[in-house]
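Letter by letter, the sequence shown follows residues 0 to 459 in numbering that gives the first Met the number 0.
First the structure, in the form of structure tokens, and then the observations on it.
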Amino acid sequence: MTSEAAFPANFLWGAATSAYQIEGQPLADGAGPSIWHRFAHTPGRVANGDTGDLACDHYRRFEEDVALMADLGLGAYRFSVAWGRVLPEGRGSVNAKGLDFYRRLVDALLERGIAPMITLYHWDLPAALHDRGGWLNPDSPAWFADYAQVLFRALDDRVPLWVTINEPWVVTVPGYLDGELAPGHRDPFEAPRVAHHLLLAHAEAVAAYRSLGGRHRIGLAVNLEPQHPASPTPENQAAARRRDAFINRWFLDPLYLGRYPAELATIFGAAWPEFADADLARIRSTSDSVLGGSLGTGCATDFIGVNYYSRGLVRADPNTQPLGAIRISPENAPRTTMGWEVYPPGLTETLLWIKEHYGNPPTYITENGAAFDDPPPADGLVPDPERVDYLRAHLRAAHAALEQGADLRGYFVWSLFDNFEWAQGYSQRFGLIRVDPPNQARILKASARFYQNVIRANGV
Ligand SMILES: N=[N+]=NCCCCNC(=O)[C@@H]1[C@H]2[C@H](O)[C@@H](O)[C@H](O)[C@@H](CO)[C@@H]12
Numbered sequence: 000m001t002s003e004a005a006f007p008a009n010f011l012w013g014a015a016t017s018a019y020q021i022e023g024q025p026l027a028d029g030a031g032p033s034i035w036h037r038f039a040h041t042p043g044r045v046a047n048g049d050t051g052d053l054a055c056d057h058y059r060r061f062e063e064d065v066a067l068m069a070d071l072g073l074g075a076y077r078f079s080v081a082w083g084r085v086l087p088e089g090r091g092s093v094n095a096k097g098l099d100f101y102r103r104l105v106d107a108l109l110e111r112g113i114a115p116m117i118t119l120y121h122w123d124l125p126a127a128l129h130d131r132g133g134w135l136n137p138d139s140p141a142w143f144a145d146y147a148q149v150l151f152r153a154l155d156d157r158v159p160l161w162v163t164i165n166e167p168w169v170v171t172v173p174g175y176l177d178g179e180l181a182p183g184h185r186d187p188f189e190a191p192r193v194a195h196h197l198l199l200a201h202a203e204a205v206a207a208y209r210s211l212g213g214r215h216r217i218g219l220a221v222n223l224e225p226q227h228p229a230s231p232t233p234e235n236q237a238a239a240r241r242r243d244a245f246i247n248r249w250f251l252d253p254l255y256l257g258r259y260p261a262e263l264a265t266i267f268g269a270a271w272p273e274f275a276d277a278d279l280a281r282i283r284s285t286s287d288s289v290l291g292g293s294l295g296t297g298c299a300t301d302f303i304g305v306n307y308y309s310r311g312l313v314r315a316d317p318n319t320q321p322l323g324a325i326r327i328s329p330e331n332a333p334r335t336t337m338g339w340e341v342y343p344p345g346l347t348e349t350l351l352w353i354k355e356h357y358g359n360p361p362t363y364i365t366e367n368g369a370a371f372d373d374p375p376p377a378d379g380l381v382p383d384p385e386r387v388d389y390l391r392a393h394l395r396a397a398h399a400a401l402e403q404g405a406d407l408r409g410y411f412v413w414s415l416f417d418n419f420e421w422a423q424g425y426s427q428r429f430g431l432i433r434v435d436p437p438n439q440a441r442i443l444k445a446s447a448r449f450y451q452n453v454i455r456a457n458g459v
């Protein structure tokens with residue numbers, strides 16, 4: 000099959016998931032509960048009262064699932080470790096059975112020639128640490144670095160790619176500002192401090208990785224979305240700039256430029272603290288990579304993981320505080336069932352924005368995908384043409400950025416399976432493979448076959 004867009008020879012093709020969204024049995028074998036176990040079991044927090052108690056039962060079915068990944072021809076699989084399985088109290092003694100699950104999963108992947116990309120933190124903080132203040136506690140970066148070292152020591156001989164934290168913005172804003180996600184706080188004084196501790200946690204984990212002689216690559220995964228004014232009025236343009244700082248630059252500017260966007264102090268006002276210069280220096284610290292010498296990007300991170308779903312169409316709105324800007328959904332544009340506009344050019348724009356603003360660091364698209372109301376299976380396959388179109392268009396958009404010089408190394412579909420979509424429970428389907436918790440059958444969708452062909456052709 001000749002492909003219109005041929006990718007580089009060693010381009011990495013993967014799919015992504017996270018522990019609480021697919022594993023099930025969150026308390027098995029001595030695991031400690033997470034804030035998401037607690038949040039999901041709090042009435043009213045998750046649609047239909049759904050929880051991750053069963054999810055995709057991946058904790059039990061992982062060998063079958065790895066075989067499915069191999070059938071698709073995945074070159075890599077991105078998954079997260081549930082901190083509470085490895086350290087039930089979040090710190091202190093290691094739970095051998097919990098760590099062993101991840102060792103067996105990694106070995107099963109390697110046996111099939113699938114490279115593991117491990118995310119150390121995908122939102123499921125041990126509840127025991129939350130009870131000590133969680134990410135608000137200035138000790139949280141050290142807790143995270145200690146946990147990271149347990150994984151580095153156990154698995155770095157076999158894991159080529161590490162992501163420290165998934166989407167610190169989502170941990171911070173839905174978690175501590177608007178309260179939609181665990182732990183469900185709504186406090187503008189807490190959010191900037193949580194964000195700061197997450198950045199320090201990333202830096203401490205990277206520093207620990209370097210000091211242990213970590214032989215591979217470690218990065219941060221961030222959700223990014225271009226912000227476009229709904230109409231070119233000065234108010235809307237200013238609102239788009241504020242939202243750009245708030246969503247896209249909050250974490251990348253400190254990491255690559257050693258400073259927070261100035262807009263954030265204006266947005267948060269009195270709630271924005273004075274951060275120590277030494278902290279910002281630590282976050283941006285130039286640490287020698289295992290390849291010797293700084294990587295040239297002058298920061299602790301080897302690569303950026305980009306989670307791209309859509310753009311933000313922005314209108315000034317004084318009633319939406321603290322931003323004074325609201326994201327609107329364009330009436331006549333195609334949208335996913337999450338309400339997000341399907342906007343492939345935004346992926347090209349995002350990748351080129353990273354190249355221009357942060358020195359073209361190595362980049363992986365660590366998440367890209369869409370939720371649609373898939374029809375039921377027909378002849379053993381779920382017809383999901385909308386998802387096929389979404390993936391094809393975004394792969395072409397990624398390729399356009401490659402052709403303009405973006406250092407894009409790989410692409411991970413979100414998600415391998417229909418799974419627990421946080422506060423929306425199982426009402427949203429993002430998978431290449433259909434999973435219904437009651438029967439746990441794995442049924443390929445047309446998008447899985449499409450992606451299998453993309454991988455074979457190394458192009459789309
Ligand atoms: N305003 N605004 N912007 C919204 C920005 C948040 C976008 N949501 C994500 O990126 C989450 C990411 C997560 O890793 C995964 O665990 C989730 O299942 C997917 C799907 O939801 C995506």
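Each residue gets a CB set at the ideal place from its N, CA and C atoms; glycine is no exception.
Please read these numbers as outputs of a predicted model, since none were measured by experiment.
Residue burial classification, residue i (beta-carbon count within 10 angstroms, cutoff 16)
{"i": "Ala261", "result": "exposed"}
{"i": "Glu203", "result": "buried"}
{"i": "Ser446", "result": "buried"}
{"i": "Asn331", "result": "exposed"}
{"i": "Val95", "result": "According to the sequence displayed, residue 95 carries Ala and not Val. Exposed is the call here."}
{"i": "Glu3", "result": "exposed"}
{"i": "Thr265", "result": "exposed"}
{"i": "Ile327", "result": "exposed"}
{"i": "Ala75", "result": "buried"}
{"i": "Glu273", "result": "exposed"}
{"i": "Gly64", "result": "Reading off the sequence, residue 64 comes out as Asp, not Gly. Buried, because 16 or more other Cβ atoms sit within 10 Å of the Cβ of Asp64."}
{"i": "Asn47", "result": "exposed"}
{"i": "Glu166", "result": "buried"}
{"i": "Leu211", "result": "exposed"}
{"i": "Arg102", "result": "exposed"}
6 Å Cβ shell around residue i - same chain, five flanking residues per side excluded
{"i": "Tyr120", "result": "Ile164"}
{"i": "Phe6", "result": "Asn457 and Gly458"}
{"i": "Asp56", "result": "Gly23 and Gln439"}
{"i": "Tyr19", "result": "Trp35, Gly51 and Asp123"}
{"i": "Glu385", "result": "Phe371"}
{"i": "Gly345", "result": "Pro225 and Arg310"}
{"i": "Leu290", "result": "Unreliable placement is indicated for Leu290, whose pLDDT of 40 sits below 50; no coordinate value is reported for it."}
{"i": "Leu104", "result": "Phe61"}
{"i": "Val205", "result": "Ile217 and Ala299"}
{"i": "Leu401", "result": "Leu407"}
{"i": "Trp161", "result": "Ile117 and Ile217"}
{"i": "Asp49", "result": "Gly424 and Tyr425"}
Assumed close pair residue i, residue j - CB separation to whole angstroms, cut-off 8 Å
{"i": "Leu431", "j": "Val453", "result": "The pair is not a contact, with the Cβ atoms about 11 Å apart (cut-off 8 Å)."}
{"i": "Leu150", "j": "Ile117", "result": "7 Å"}
{"i": "Pro321", "j": "Pro187", "result": "6 Å"}
{"i": "Val169", "j": "Ala190", "result": "About 12 Å; that fails the 8 Å criterion."}
{"i": "Thr347", "j": "Ala396", "result": "5 Å"}
{"i": "Ala194", "j": "Ala144", "result": "That belief does not hold up - the Cβ atoms of Ala194 and Ala144 are roughly 17 Å apart, past 8 Å."}
{"i": "Pro343", "j": "His393", "result": "5 Å"}
{"i": "Arg111", "j": "Ala69", "result": "4 Å"}
Reference residue i, options the options, closest by Cα
{"i": "Phe429", "options": "Val45, Glu224, Ala377 and Asp373", "result": "Asp373"}
{"i": "Asp278", "options": "Pro137, Gln24, Val65 and Asn331", "result": "Pro137"}
{"i": "His201", "options": "Ala141, Pro173, Arg102 and Asp99", "result": "Ala141"}
{"i": "Gly304", "options": "Thr265, Tyr363, Glu273 and Glu340", "result": "Tyr363"}
{"i": "Asp383", "options": "Tyr450, Tyr357, Leu401 and Phe419", "result": "Tyr450"}
{"i": "Ala30", "options": "Phe38, Val80 and Gly323", "result": "Val80"}
{"i": "Gly183", "options": "Gly212, Arg258 and Gly133", "result": "Gly133"}
{"i": "Tyr410", "options": "Ala422, Leu390 and Gln403", "result": "Leu390"}
{"i": "Ala422", "options": "Asn9, Arg37 and Ala147", "result": "Arg37"}
{"i": "Val221", "options": "Thr365, Gly72 and Ala377", "result": "Thr365"}
{"i": "Gly72", "options": "Val205, His129, Gly13 and Asn47", "result": "Gly13"}
{"i": "Arg441", "options": "Asn418, Leu86 and Leu135", "result": "Asn418"}
{"i": "Leu198", "options": "Ala269, Ser230, Trp82 and Phe250", "result": "Phe250"}
{"i": "Ser92", "options": "His129, Asp106, Tyr146 and Ala66", "result": "Tyr146"}
{"i": "Leu263", "options": "Ser33, Ala8, Ala244 and Ala15", "result": "Ala244"}
{"i": "Ala280", "options": "Arg258, Arg157, Ala270 and Asn9", "result": "Arg258"}
{"i": "His227", "options": "Arg214, Arg209, Thr16 and Asn247", "result": "Asn247"}
heavy atom of ligand 2 below 7 Å from residue i C-beta
{"i": "Phe38", "result": "As far as ligands go, the structure on display features ligand 1 and does not contain ligand 2."}
Contact set for residue i: own chain, Cβ-Cβ below 7 Å, skip 5 residues either direction
{"i": "Thr335", "result": "Val341, Ala369, Ala370 and Phe371"}
{"i": "Thr349", "result": "Leu223, Pro225, Val305 and Tyr307"}
{"i": "Gln427", "result": "Thr336, Met337, Ala370 and Glu420"}
{"i": "Trp339", "result": "Tyr308 and Ser309"}
{"i": "Gly323", "result": "Ala238, Arg241, Ala315, Asp316 and Pro317"}
{"i": "Tyr58", "result": "Glu22, Gly23, Gln24, Ala27 and Phe100"}
{"i": "Gly292", "result": "At Gly292 the pLDDT is 41, less than 50, meaning the model places this residue with poor confidence and gives no usable figure here."}
{"i": "Gly97", "result": "Asp28, Gly29, Ala30, Arg84 and Val85"}
{"i": "Arg455", "result": "Gly72"}
Neighbourhood of residue i by C-beta distance below 8 Å, restricted to the same chain and skipping five residues each side
{"i": "Ala405", "result": "Leu350, Leu351, Ile353, Lys354, Asn359 and Thr362"}
is_contact[residue i, chain C] using C-beta, thresh 8 Å
{"i": "Gln226", "result": "Here there is only one protein chain, and chain C is not present."}
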